[in-house]
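**Student:** Residue numbers for the sequence shown follow our numbering, so the first one is 38 and each next one is one higher.
Before anything else, here's the structure in question.
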Amino acid sequence: MQSSSNLFPVALISAERRGDLSEDVYRLKPGNSRDWSVEIAVTRLGMADEAVPRGVPVILLHGSFSNRRFWFSPKGLGLGAHLARLGFDVWIAEMRGHGLSQRNEDYRHNCVADYARYDLPAIAAFVREQSGQIPHWVGHSLGGITLAAALGGEYLGEPAVASAAFFGTQVSRTYWPLKIPPVEWGGRFILKRFAQLSGSRLKRGPEDEPIGLAIESMRWYGLFGRFGDKDKDWWAGLADVQVPVLAVSAAGDHQDPVWACRKLFDQIGSEHKQFINLGREQGFSDNFGHVEMLVSKAAQAEVWPLVARWLNDQQTPLLARKADLAAAG
């Protein structure tokens with residue numbers, strides 16, 4: 038099959054109509070990492086009967102134990118579908134071994150460092166080639182962590198990022214047992230016996246996660262750990278990020294608490310950034326949870342419009358009258 042890109046081999050593996058939406062799924066094989074078997078599935082959503090050129094591109098990154106269905110359900114619901122109906126050019130990436138992305142040969146060792154260094158730049162290059170515009174990025178949980186790593190590590194920059202939005206994203210929560218070196222070493226030794234963590238068994242989601250992610254995060258939270266890899270300190274690099282940034286936490290999120298999400302936000306050096314906490318004290322209908330902040334009827338009514346407003350205008354405060362909104366610029 039002829040490649041759909043001049044950058045690297047890309048195959049259009051399906052082109053379907055989903056109600057009023059069009060769903061085109063591409064499989065990218067960038068060949069830019071040590072594992073040449075890596076293939077990344079990227080779904081493009083648009084209006085099925087739309088004849089005019091597509092709008093501003095937006096790339097959505099799912100969290101752990103998840104896939105593209107977090108953003109776009111089989112019934113055509115979700116933030117991705119909502120944005121497509123508003124005229125945005127929506128791209129939904131699925132990380133290695135998730136959803137329609139095949140498991141690569143070195144699957145068990147997949148980690149954020151590889152996602153950030155190799156996969157996100159390839160996705161960015163392909164979307165820019167196809168759309169002719171610089172994309173906005175929206176990441177939830179692990180998707181946001183990956184985006185933060187790519188920005189802090191300077192694997193993605195202003196030529197590839199128009200703005201970045203982080204939902205339920207943090208790397209500062211303290212796990213005290215991991216501060217004891219023998220505990221961390223023992224935990225890593227045990228984890229290395231497994232290839233993946235089962236999302237269904239852990240009741241965390243429909244997908245598995247490679248054990249490499251768990252081992253990597255244990256290094257971050259260890260006694261002398263840092264958010265980074267052996268080559269770069271991503272946390273320190275966030276201070277140099279200058280693209281517009283939106284960070285959103287949820288008052289009822291016990292996995293990624295507000296204070297930790299706020300700490301990531303404060304570390305980012307951008308002059309144009311906003312922080313929103315989804316909770317009753319801030320005027321929202323409920324104390325949103327980790328998933329409910331983006332997937333719920335309340336999110337559809339209260340959060341999705343904020344995302345659309347952000348994508349259209351990163352300079353105007355989204356919630357000017359909310360006490361916890363931090364805006365610079």
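Beta carbons are placed, not taken as given, at the ideal position from N, Cα and C, and that holds for glycine.
Please read these numbers as outputs of a predicted model, since none were measured by experiment.
(1) Does the separation of the CB atoms of M446 and F204 fall below 8 angstroms?
(2) Comparing alpha-carbon positions, which option in Q311, I227 and E76 lies nearest L355?
(3) Kindly indicate which residue of A335, G249, G100 and G190 has the alpha-carbon position closest to the one of L315.
(4) Roughly how many angstroms lie between the CA atoms of V198 and G320, to the nearest whole one?
(5) So, at 6 angstroms on beta carbons, what are the nonlocal neighbours of Y192 in its own chain, with the 5 sequence-adjacent residues on each side left out?
(6) Anyone know if the C-beta pair for F125 and G92 falls short of 8 angstroms?
(7) Taking I305 and L275 to be in contact with their CB atoms under 8 angstroms, please state how far apart those CB atoms are, rounded to whole angstroms.
(8) Please classify I252: does DSSP put it in a helix, a strand, or coil?
(9) Note down, in chain order, each residue of its chain lying with its Cβ closer than 7 angstroms to the Cβ of R256, except the 5 sequence neighbours on either side.
(10) Would S138 be called buried (16 or more neighbouring beta carbons within 10 Å of its own) or exposed?
(11) Using three-state DSSP, classify T211 as helix, strand or coil.
(12) Considering only the alpha carbon of each residue, which of T211, W341 and S237 lies closest to A202?
(13) Helix, strand or coil for I129? Go by DSSP, reduced to three states.
(14) Just to confirm the assignment: which complete beta strand (DSSP E) runs, minimum length 3, are found wholly within the region 328 to 357?
(15) Could you tell me which residues DSSP puts in a beta bridge with H309?
**Tutor:** Short version:
(1) Residue 446 cannot be examined here, being either before or after the span of the chain that is shown, 38 to 366.
(2) Per the Cα distances, Q311.
(3) Out of A335, G249, G100 and G190, A335 has the C-alpha closest to the C-alpha of L315.
(4) Rounded to the nearest whole angstrom, the CA to CA distance from V198 to G320 is 31 angstroms.
(5) Result list for Y192: A153, R154 and P158, in chain order.
(6) In contact: F125 and G92 (Cβ atoms closer than 8 angstroms).
(7) So it is a contact: roughly 5 angstroms between Cβ atoms.
(8) Helix, per DSSP.
(9) Taken in chain order, the residues that qualify are G262.
(10) Buried is the call here.
(11) In the structure shown, T211 sits in coil (DSSP, three-state: anything other than H, G, I, E or B).
(12) Nearest Cα to A202 within the set T211, W341 and S237: W341.
(13) Looking at I129 - three-state DSSP - the assignment turns out to be strand.
(14) Counting only runs of at least 3 residues, the region 328 to 357 fully encloses no beta strand (DSSP E) element at all.
(15) Checking the DSSP bridge columns, you'll see H309 has no partner listed.
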